[in-house]
Amino acid sequence: MPLFNLSDLRAGLARHQRLIGLDPGKRVVGVALSDVTLMLASPYGGLKRGKLAANAAEIGAIARKEGAGGLVVGLPLGLDGSFGPAAQAAKDWAMALSEATGLPAALWDERLSSSAVNRMLIQEADMTRAKRAQIVDAAAAAYMLQAALDATAPPPS
């Protein structure tokens, strides 16, 4: 299944369908979920990174349970905006995941989302490293999804 432009993906959703934000890491895939108005992203959890079929089954189950109609996958571009091996791996994973789940997917720049979330958790919440490790993946997915929602929100009427 081809990847979509996020604005097109958003426009193609049925009324009250949500988006799932995914931040694919080496060990954990952070999962976030939008609200039905596509205005607010919230952390949902983390999935152990495993074989594509297993991760697709878990993500498909979340989509069915929560009424999600599309995926927004974090794209780890280089700091200078370059498209390197990590970005290519994320793109390939997103395409395969979209095909396996039957859900349309779009990519969104997630540069420094984990760093921003870690910084916020240290400064604002004064969390220990162990507690941060438990929630940073889902929080980074929510941070990335929120940026995507904000950037593609329709203008106020």
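One point on numbering: in UniProt numbering, the residue at position 50 of the sequence shown is 50, and numbering is uninterrupted. Heads up, the beta-carbon is just placed ideally off N, CA and C, and yes, glycines get one too.
- Within 10 angstroms of the beta-carbon of Asp-23 lie 16 or more other beta-carbons, which makes it buried.
- Lys-26 and Pro-155 have their C-alpha atoms roughly 36 Å apart.
- Taken in chain order, the unbroken stretches of beta strand (DSSP E) that lie wholly in the UniProt domain "YqgF/RNase H-like" (17-117) and span 3 residues or more are 18-24, 28-34, 41-48, 68-75, 105-109.
- Between Pro-43 and Gly-70, the C-beta spacing is not below 7 Å.
- Per DSSP, the unbroken alpha helix (DSSP H) holding Leu-9 starts and ends at 6-11.
- About 16 Å separates the beta carbon of Leu-107 from that of Ala-41, a gap too long to meet the 8 Å contact definition.
- Within the same chain, and ignoring the five residues on either side of Ala-147 in sequence, no residue has its Cβ closer than 6 Å to its Cβ.
- The beta carbon of Ala-87 is closer than 8 Å to those of Leu-75, Pro-76, Leu-77, Gly-78 in its chain, skipping five residues each way along the sequence.
- Listed in chain order, the non-local C-beta contacts of Leu-38 below 8 Å within the same chain comprise Arg-10, Leu-13, Arg-18, Leu-19, Leu-149, Ala-153, local neighbours out to five positions each way being set aside.
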